[in-house]
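Trainee:
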């Protein structure tokens with residue numbers, strides 16, 4: 115460092131980058147007192163340096179040459195908020211190799227290549243911090259790594275995608291269809307023009323992989339996550355959920371069972387008295403179940419420039435303090451490989467919705483298929499509909515594989531016209547996974 | 115350190131101390147991997163070393179001589195879970211002076227003497243960590259100090275006393291009286307035989323002082339906290355709250371206004387859709403409002419051996435990592451003195467319950483007193499009761515001092531038989547303080 119000021123190289127200046135630049139400017143005194151030294155955003159890499167941006171940074175700080183920033187000897191710390199795998203991965207790798215601590219909010223990159231990057235950071239003896247990569251402004255990575263460092267985490271269950279939670283909230287509270295609620299979300303800027311990453315669960319899956327990695331100290335990657343989205347959720351499912359005392363939420367679940375790690379994203383029926391049931395609109399929340407701490411829920415804004423920049427800045431202050439203290443850098447070390455439990459082996463209660471012919475003997479035939487595959491029914495409700503009937507089942511806990519076999523068999527039962535949605539039913543907090 | 119193992123001196127072995135000892139034993143591998151070195155509880159100071167305790171520690175590790183532990187050169191870190199001001203204060207001071215990092219869960223001590231102890235730790239260049247002093251297992255101090263290090267906190271509102279929250283939940287959900295609910299809480303071990311510290315708000319006040327200190331970097335002490343308990347809450351208040359769409363909660367509030375800090379503990383009517391309204395039983399929760407992060411809520415078990423020991427252990431692992439990294443210790447430095455805003459200057463909506471004679475002109479006389487003191491009425495409800503009537507008022511935002519003057523004047527109005535409860539009404543999240 116040429117002087118006491120810490121010089122930051124910022125890669126990307128979109129929503130989050132610009133919000134970060136404003137915070138660093140507006141909270142300069144606060145940040146200096148917390149970090150111990152002033153922090154300056156010295157260089158900013160963007161695609162178009164001439165674009166107008168709502169930040170107080172002189173035009174000459176902007177460049178298109180990100181690669182020059184990460185090796186610039188005058189840059190002390192690198193903040194990456196570009197997103198996506200490349201060029202972020204190469205840039206971060208180069209920055210670490212140059213001995214610079216890195217802060218990133220890049221969930222896709224960490225979910226796909228976190229373990230290699232953590233190793234590179236450990237080898238370089240510098241920080242690689244990524245609080246902003248999961249659940250925006252909600253402190254999650256630091257509590258998992260530090261506050262709960264001596265506790266054994268059993269399960270983490272999160273609502274980690276604000277877009278889908280907004281859509282499901284509109285469907286639940288206003289009776290909107292999925293298409294209407296999605297259009298609303300797009301109009302409000304909560305959903306992208308191409309909403310695939312959100313509604314198909316891919317965004318939540320990346321976050322689930324990161325959560326599992328941190329919570330269990332294991333190398334868990336995006337490909338390990340069983341992922342189902344919410345595009346198949348119908349008005350009928352939402353209405354059934356309400357009648358039965360549930361709400362439908364898209365959950366990211368990471369749990370440890372007999373040394374194996376299970377990670378999945380799927381819509382689920384959540385009981386109304388469950389702490390996650392009250393998480394509405396675009397809010398996120400993460401419920402941690404630890405052996406000693408019991409249940410812990412962290413709730414807040416999972417996206418948006420301000421909240422995400424707040425998380426990046428928290429990491430940045432931490433990295434600057436560590437630099438000043440001359441410490442050897444903090445990253446996720448000692449990750450191990452653990453078996454990933456296949457989704458077919460997982461157990462859950464299930465909700466099933468089907469349309470059948472309304473005539474004698476039908477229920478017996480259906481119930482027979484459940485029994486033959488070892489799936490036991492907890493409750494059934496029938497609603498007449500002319501010559502047809504709609505049946506809603508909730509099963510007792512069953513293996514996913516057995517449930518699938520039941521479904522396949524039901525497809526062959528003549529009076530079953532259609533098996534609609536199949537949703538997992540979340541147990542109470544603290545119930546067996 | 116004589117070897118790679120870090121030797122801990124534990125002061126106190128009650129609920130929390132014993133839970134900590136069990137965690138250190140049962141999670142030894144996990145802790146070693148997180149801390150980088152093994153942690154051993156080498157010496158334990160207790161009043162009666164012969165008492166049977168459910169911990170796997172050899173009898174010769176126990177002693178009555180706490181003072182010898184804190185200066186023992188073989189002890190690397192001191193954990194204090196005795197509680198109360200003395201001898202904890204002298205012991206911690208001696209440990210810091212001997213260059214040992216200290217972990218404490220002692221809310222009374224930190225609330226009364228935190229600033230001096232932080233200075234002693236900074237002078238010695240060692241950690242003084244106190245996550246367990248507020249809200250048990252809920253990570254709060256670390257998120258406020260680190261995750262939100264670059265954000266400006268506007269207000270923190272917490273349910274930080276599990277006993278009173280349990281009592282208020284029973285009163286709300288089962289119509290119990292205060293006395294019945296308190297007796298239940300005592301039977302369940304949630305309340306002490308002498309419940310004063312909980313029900314009069316003193317316990318919450320100590321936590322509020324610590325929250326304000328950390329959130330605003332200011333020297334805030336227990337004496338600065340305006341404190342009201344829940345002993346005056348009646349069945350009528352609970353019923354009125356329900357009718358009006360509120361629940362009664364004991365809140366700890368710390369906020370910053372124009373450079374001044376306001377800290378108070380009091381029961382309040384909380385709107386049903388407010389995130390804190392759903393915090394039931396003995397759970398705690400803390401809502402943080404930050405400029406960039408927006409609203410953030412942390413929810414979990416605020417007391418109990420396991421959750422509190424989990425928080426102590428998180429701090430302990432952190433201190434051990436810092437020791438190993440050779441850092442200079444982390445404590446709260448740079449605290450400043452800020453004006454404390456007197457409670458009379460605070461503004462709020464208020465709920466008032468009164469019994470009056472049911473005859474013509476009474477309401478006009480009462481309304482006149484409100485108007486004369488500049489307090490404007492938002493809503494009023496009258497319920498007949500023979501010759502008497504019960505009136506429930508909710509005011510618009512008013513200065514506390516003006517409200518008090520109104521109350522004093524109402525006491526002189528002949529048809530007013532009794533002014534019952536006066537409760538603050540919490541605004542929506544994000545409303546002006």
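Chains as they are written, first to last, in the working numbering: chain A, 115 to 547; chain B, 115 to 547. Glycine included, each C-beta is placed from N, C-alpha and C at the ideal position. The model shown is predicted, which means the values in this text are computed figures rather than measured ones.
1) Please check if any C-beta of chain B sits within less than 8 Å of the C-beta of residue 531 of chain A.
2) At the 8 Å Cβ level, is residue 368 of chain A part of the contact set with chain B, yes or no?
3) Skipping 5 residues on each side, what residues in its chain have a beta carbon closer than 6 Å to that of residue 480 of chain B?
4) Count Cβ pairs between the stretch 339-346 of chain A and the stretch 373-393 of chain A that sit closer than 8 Å; are there 3 or more?
5) Taking 8 Å as the CB-CB cut-off, is residue 133 of chain B touching chain D?
6) Would you mind working out which of A/470, A/518, A/494 sits nearest residue 501 of chain A, comparing C-alpha positions?
7) Determine whether the Cβ of residue 263 of chain A lies closer than 8 Å to any Cβ atom of chain B.
8) Against residue 141 of chain A, what residues of chain B qualify as contacts under a CB-to-CB distance less than 7 Å, listed in chain order?
9) Look up residue 506 of chain A in the DSSP assignment and give the residues it is bridged to.
10) Which runs of the beta strand (DSSP E), 3 residues or longer, sit entirely within the stretch 297-378 of chain B?
11) Short check: CB of residue 427 of chain B to CB of residue 265 of chain A, under 8 Å?
12) Taking 8 Å as the threshold (C-beta atoms), are residue 403 of chain A and residue 321 of chain A in contact?
13) Per DSSP, which residues does residue 436 of chain B bridge with? Please list them.
14) With DSSP as the reference, label residue 120 of chain A as helix, strand or coil.
15) What residue ranges within the stretch 172-223 of chain B form continuous beta strand (DSSP E) runs of no fewer than 3 residues, ordered along the chain?
16) Are the beta-carbon atoms belonging to residue 511 of chain B and residue 150 of chain B less than 8 Å from one another?
17) Just the C-alpha distance for residue 461 of chain B and residue 371 of chain B, rounded to the nearest angstrom, thanks.
18) For residue 531 of chain A, count the other beta carbons within 10 Å of its own beta carbon; 16 or more makes it buried, fewer makes it exposed. Which is it?
19) Using beta-carbon positions only, say whether residue 454 of chain A and residue 353 of chain A come within less than 8 Å of one another.
20) Using a Cβ cut-off of 9 Å, which residues of the stretch 426-437 of chain B contact any Cβ in chain A, in chain order?
21) Need the endpoints of the beta strand (DSSP E) that residue 267 of chain A sits in, please.
22) If you draw a straight line from the C-alpha of residue 305 of chain B to the C-alpha of residue 478 of chain A, how long is it?
23) Do the CB positions of residue 407 of chain A and residue 421 of chain B come within less than 8 Å of each other?
24) Please tell me whether residue 424 of chain A has its Cβ less than 8 Å away from any Cβ of chain B.
25) In three-state terms, what does DSSP make of residue 529 of chain A?
26) Can you pull the chain B residues whose beta carbon is under 8 Å from the beta carbon of residue 360 of chain A, in chain order?
27) In chain B, what lies closer than 7 Å to residue 411 of chain A by C-beta?
28) Between residue 318 of chain B and residue 377 of chain B, is the Cβ-Cβ spacing less than 8 Å?
29) Cβ of residue 137 of chain B less than 8 Å from any chain A Cβ?
30) What is the rounded straight-line gap between the Cα of residue 161 of chain B and the Cα of residue 202 of chain A?
31) Which stretch, first to last residue, makes up the beta strand (DSSP E) that contains residue 240 of chain B?
32) Determine, using beta carbons only, whether residue 514 of chain A and residue 457 of chain A come nearer to each other than 8 Å.
33) Out of B/218, B/210, B/118, B/212, which one is the CA nearest neighbour of residue 134 of chain B?
34) Could you tell me the distance, in whole angstroms, from the CA atom of residue 393 of chain B to the CA atom of residue 506 of chain B?
35) Where residue 216 of chain A and residue 279 of chain A are concerned, what is the direct C-alpha to C-alpha distance, given to the nearest angstrom?
36) Using a Cβ-Cβ cutoff of less than 7 Å, which residues in the same chain neighbour residue 240 of chain B once the five nearest sequence positions on both sides are dropped?
Mentor: The answer reads as follows:
1) Stepping through the first chain from its first residue, residue 531 of chain A is reached at position 417. No, its Cβ sits nowhere closer than 8 Å to a Cβ of chain B.
2) Stepping through the first chain from its first residue, residue 368 of chain A is reached at position 254. No, residue 368 of chain A does not count as interfacial toward chain B.
3) By 1-based counting over the second chain, the position of residue 480 of chain B is 366. Within the same chain, residue 480 of chain B has no close Cβ partners at all.
4) yes
5) In the structure shown, chain D cannot be found, because the protein chains are A and B.
6) Reading the first chain from its first residue, position 387 is the one you call residue 501 of chain A. Of A/470, A/518, A/494, the residue nearest in Cα terms is A/470.
7) Here residue 263 of chain A refers to the residue found at position 149 when the first chain is read from its first residue. Yes, residue 263 of chain A counts as interfacial toward chain B.
8) What you label residue 141 of chain A is simply residue 27 of the first chain in a count that begins at 1. 264, 266, listed in chain order.
9) Taking the first residue of the first chain as 1, we reach residue 506 of chain A at position 392. Note: residue 506 of chain A sits in a beta bridge opposite A/467, A/495.
10) 360-371
11) As a first step, residue 427 of chain B must be located in the second chain, where it is residue number 313. As a first step, residue 265 of chain A must be located in the first chain, where it is residue number 151. Their beta carbons are under 8 Å apart, which means residue 427 of chain B touches residue 265 of chain A by this criterion.
12) On the first chain, residue 321 of chain A is found 207 positions in, with the first residue counted as 1. On the first chain, residue 403 of chain A is found 289 positions in, with the first residue counted as 1. Result no, Cβ atoms of residue 321 of chain A and residue 403 of chain A do not sit closer than 8 Å.
13) Working through the second chain from its first residue, we reach residue 436 of chain B at position 322. None; residue 436 of chain B has no bridge partner.
14) Residue mapping note: residue 120 of chain A aligns to position 6 of the first chain, counting from 1. Strand, per DSSP.
15) 191-194, 216-218
16) Working through the second chain from its first residue, we reach residue 511 of chain B at position 397. Working through the second chain from its first residue, we reach residue 150 of chain B at position 36. Not a contact, by the Cβ cut-off of 8 Å.
17) Looking up residue 461 of chain B in the second chain gives position 347. Looking up residue 371 of chain B in the second chain gives position 257. For residue 461 of chain B and residue 371 of chain B, the distance between alpha carbons rounds to 12 Å.
18) Taking the first chain and counting its residues from 1, one reaches residue 531 of chain A at position 417. It is exposed - the Cβ of residue 531 of chain A has fewer than 16 other Cβ atoms within 10 Å.
19) The sequence position of residue 454 of chain A within the first chain is 340, counting from 1. The sequence position of residue 353 of chain A within the first chain is 239, counting from 1. No.
20) 426, 427, 428, 429, 430, 431, 432, 435, 436
21) Walking along the first chain from the start, residue 267 of chain A turns up at place 153. First-last of the beta strand (DSSP E) with residue 267 of chain A: 267-273.
22) Mapped onto the second chain, residue 305 of chain B falls at position 191. Mapped onto the first chain, residue 478 of chain A falls at position 364. If you take the alpha carbons of residue 305 of chain B and residue 478 of chain A, they lie about 54 Å apart.
23) If you number the first chain from 1, residue 407 of chain A lands on position 293. If you number the second chain from 1, residue 421 of chain B lands on position 307. Cβ atoms of residue 407 of chain A and residue 421 of chain B: closer than 8 Å.
24) Numbered from its first residue, the first chain carries residue 424 of chain A at position 310. Cβ-Cβ to chain B under 8 Å: yes for residue 424 of chain A.
25) Stepping through the first chain from its first residue, residue 529 of chain A is reached at position 415. In this structure, residue 529 of chain A counts as coil in the three-state DSSP scheme.
26) In the first chain, counting from the first residue as 1, residue 360 of chain A sits at position 246. By Cβ distance, chain B contributes nothing, its closest Cβ being about 16 Å from residue 360 of chain A, past 8 Å.
27) Your numbering for residue 411 of chain A matches position 297 in the first chain. Result: 413, 414.
28) For this step, residue 318 of chain B is matched to residue 204 along the second chain. For this step, residue 377 of chain B is matched to residue 263 along the second chain. Against a cut-off of 8 Å, the Cβ pair of residue 377 of chain B and residue 318 of chain B comes out as no contact.
29) As a first step, residue 137 of chain B is located in the second chain; it is residue number 23 there, counting from the start. Closer than 8 Å: yes.
30) Here residue 161 of chain B refers to the residue found at position 47 of the second chain. Here residue 202 of chain A refers to the residue found at position 88 of the first chain. Residue 161 of chain B and residue 202 of chain A: Cα-Cα distance of roughly 58 Å.
31) On the second chain, residue 240 of chain B is found 126 positions in, with the first residue counted as 1. Run containing residue 240 of chain B: none; DSSP gives neither H nor E here.
32) Translated into the one-based positions of the first chain, residue 514 of chain A becomes position 400. Translated into the one-based positions of the first chain, residue 457 of chain A becomes position 343. Contact flag set, yes.
33) Stepping through the second chain from its first residue, residue 134 of chain B is reached at position 20. Of the listed residues, the one whose Cα sits closest to residue 134 of chain B is B/218.
34) Within the second chain, the letter at position 279 stands for residue 393 of chain B. Within the second chain, the letter at position 392 stands for residue 506 of chain B. Whole-angstrom Cα-Cα distance: 26 Å.
35) The sequence position of residue 216 of chain A within the first chain is 102, counting from 1. The sequence position of residue 279 of chain A within the first chain is 165, counting from 1. For residue 216 of chain A and residue 279 of chain A, the distance between alpha carbons rounds to 31 Å.
36) Within the second chain, numbered from 1, the residue matching residue 240 of chain B stands at position 126. The residues are 210, 213, 214, 215, 443.
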